[in-house]
Amino acid sequence: MAEQTQAKKYSKPLPHLDEENRPWWEALQRHELYIQKCGNCGDIRYYPRALCTNCMSSQVQWIKCSGRATVYTFTTTYQNQAPGFRESLPYIMAYVELEEGVKMLTNLVDCQPEQAKIGMPVEVVFEDVTPAVTLAKFRPAR
Amino acid sequence: MSLSRKTAVAGVFEHPTRFAPDKSLFQIMAESVRGALDDAGLTIKDVNGLCTTGIGMSGMGIVGLCDYLNLTPNFVDSTSIGGSSFVAHTAHAAAAIHAGLCDLCVVVYGSTAASSRFAIGTGGERGGAGDPCDQYEIPFGPTTVGAYAMIAQRHMHDYGTTSEQLAEIAVTMRLHASMNPAAKYRDPITVEDVLASRIISSPLHLLDCCIISDGGGALVIASAERARDLKKKPVYILGAGETVRHAARGQRDFLEIAAAQSGRLALERAGVMHKDIDMAMIYDSFTITVLATLENLGFCKRGEGGAFVSGGRLRFDGEFPINTDGGGLSSNHPGMRGIFLVIEAARQLRGECGPRQVKDCKIALVHGTGGALGTRHSGATLILGNQ
Ligand SMILES: [Zn+2]
């Protein structure tokens, strides 16, 4: 019951979990961030998917990320009428480039809008937003 | 390409409405079809091909529109790749006619975005079971304007592009709108006005963003041979290209956008050089869309867009006139405005633009962008000519 109450309180959109993406989201629940590497040709990819678009192999390796990244680009959003975001303006959305070489969309947290800079070193923080979903966000590196 | 000059835009119509709470979506579309057919000197009985898509239409909306118009076409296309769809449809219609799939094709668009109060750029994304890629984005609050803003931020970082340079694009579009009686916003603005307008998603201000209006438009596409016998001067389709860009498994160069590929294809297929283009219609959902598109189409080098759009170059009387109707930044933006790009280019090539007419306009480039440059988007380019 407590879990249900918490899930209701969180009003931002949630991802749809399925059998293809569940291992990735389950790793986040354990506060671990992974990207995929092709077991055949070595191509790396984010977001996770069932096959390699370079060689079409289904051999998947999971690489545990250090959580270190740099800001590739960002924006501070002052207007978003969607439920959940409307109440938390302004917020910073960013693409960060992981040390492992892929860019991912995220939020910068513990960071004032004027503090955000492209190239800024950041580190992952895990935000448990519902019992089923943990999000990887990034804060200025300490 | 083999299609070059084989087909033509034979009729165009831009619905004058910018706010039409009294009209249905299909009414706006049907009135647009009527207008374009009148322009060509044809009737609905001549139509046996139809292309459309749009915000507010169902997934099978084209079937419902055929019902409304009482059409039983031999060719239909409702390719939905965002605001560029109608630029792509124009090429698809030309290919279909050339291949003998139909004889006369209408491309139509309508929208009641303003009167239905759609929050197009800042409505945010809803949760639920979307495409796989959505699952990794919707939790972080993406908006359409936010995705474009991230492209602007990176461009400014890499090349020193300024908000003043972006603002100059909005100022020029408003100047053009002042000469278009149908434009929604016609009062001149200055660079200072743009910079003083509130930030929607940094670094983009309110006046860096397209307006929201109702609207509609239609095109009649025919074989070149047939178009020559119709009421108006044919506007020949010389070449076309289309493609998509996305996150590329996390390895994308975000400042390379779809226009780089679609533009190269269109120019090559038309056998036309950059210097041959007399005016261009460039999708202006945001000021940064124009700057990034001009670079990727190759009108200037990457990083030089800020300087290129400055000094009045983009004005109707400048070295490289674009968006002479006032664009999505000032004239109309019902959510997907690709069709208006083709309409205004055709009007320029026919010499019908009055005070905003570009001198000696023989070849025009049209580029539509659909989706969001900072995530997934499409690009469709057309080269049109009057000879
Ligand atoms: Zn592979």
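Chains A and B supply the protein sequences, listed in that same order. For what it's worth, the numbering used here labels the leading residue of the first sequence as 1, then goes sequentially. For what it's worth, the numbering used here labels the leading residue of the second sequence as 1001, then goes sequentially. Glycine included, every Cβ here is placed at the ideal spot set by N, Cα and C. None of these values were measured; they are calculated from a predicted model.
Query: Under the assumption that P121(A) contacts A141(A) (Cβ atoms under 8 Å), give the Cβ distance between them as a whole number of angstroms.; Result: 4 Å
Query: For chain A, check one thing: does any of its Cβ atoms lie closer than 9 Å to the Cβ of P1142(B)?; Result: yes
Query: When you compare the CB of D1134(B) with every CB in chain A, is at least one pair closer than 9 Å?; Result: yes
Query: Would DSSP call M1281(B) helix, strand or coil?; Result: strand
Query: I need the DSSP call for I1028(B), collapsed to helix, strand or coil.; Result: helix
Query: Going by the CB atoms, is the gap between V1012(B) and L1104(B) shorter than 9 Å?; Result: no
Query: Pick out whichever of I1055(B), C1051(B) and L1065(B) has its Cα sitting closest to the Cα of F1075(B).; Result: C1051(B)
Query: Would G1370(B) and I1169(B) be called neighbours here (beta carbons separated by less than 9 Å)?; Result: no
Query: In chain B, what lies closer than 8 Å to V102(A) by C-beta?; Result: R1249, G1250 and Q1251
Query: Flag A141(A) as yes if its beta-carbon sits less than 9 Å from any beta-carbon of chain B, otherwise no.; Result: no
Query: Using a beta-carbon distance below 9 Å, is T1112(B) in contact with chain A?; Result: no
Query: Rounded to the nearest angstrom, what separates E20(A) and K1231(B) at their Cα positions?; Result: 57 Å
Query: With a 10 Å radius around its C-beta and 16 neighbouring C-beta atoms as the bar for buried, classify R22(A) as buried or exposed.; Result: exposed
Query: With which residues is G1263(B) paired in a DSSP beta bridge?; Result: The partner list for G1263(B) (beta bridge, DSSP) is empty, contrary to what the question assumes.
Query: Skipping 5 residues on each side, what residues in its chain have a beta carbon closer than 8 Å to that of K103(A)?; Result: Y46, Y72, Y95, V96 and E97
Query: Alpha helix (DSSP H) containing R1347(B): first to last residue?; Result: G1338 to L1349
Query: Indicate whether L1341(B) and V1009(B) have their beta-carbon atoms separated by less than 9 Å.; Result: no
Query: By how many angstroms is the C-alpha of S1111(B) removed from the C-alpha of D1187(B)?; Result: 24 Å
Query: If we ignore side chains and look at the alpha-carbon of each, how far apart do D1158(B) and E1242(B) end up?; Result: 27 Å
Query: Under 9 Å, CB to CB, which of the residues in the stretch 1280-1298 of chain B have a partner in chain A?; Result: none
Query: Compute the distance between the beta-carbons of T1053(B) and T1079(B), then report whether it is under 9 Å.; Result: yes
Query: What did DSSP end up calling F74(A) once you bin it into helix, strand or coil?; Result: strand
Query: Quick one: residues in its chain with C-beta nearer than 7 Å to the C-beta of A1096(B), no 5 flanking neighbours on either side, listed in chain order?; Result: G1049, F1075, C1102 and C1105
Query: Starting from T1289(B), trace the alpha helix (DSSP H) in both directions and tell me its first and last residue.; Result: T1287 to L1297
Query: For the beta strand (DSSP E) that P1132(B) lies in, which residues bound it at each end?; Result: Counting along the chain, P1132(B) falls outside any beta strand (DSSP E), and DSSP gives it neither H nor E.
Query: Kindly indicate which residue of S1084(B), M1173(B) and A1093(B) has the alpha-carbon position closest to the one of L1329(B).; Result: M1173(B)
Query: For a quick check, are the C-beta atoms of D1278(B) and G1327(B) less than 9 Å apart?; Result: no
Query: Would you say S57(A) touches ligand 1, meaning its beta carbon is less than 8 Å from a heavy atom?; Result: yes
Query: Taking the alpha-carbon of H1176(B) as reference, which of G1354(B), A1218(B) and K1045(B) has the nearest alpha-carbon?; Result: G1354(B)
Query: Is Y1109(B) closer than 9 Å to P1334(B) when the C-beta atoms are compared?; Result: yes
Query: Exposed or buried, E1137(B), counting other C-beta atoms within 10 Å across all chains shown (16 or more means buried)?; Result: buried
Query: Should F85(A) and T77(A) be called a contact, given that it needs their Cβ atoms to be closer than 9 Å?; Result: yes
Query: Go ahead and label E1344(B) buried or exposed: buried means 16 or more other beta carbons lie within 10 angstroms of its beta carbon, across all protein chains shown.; Result: buried
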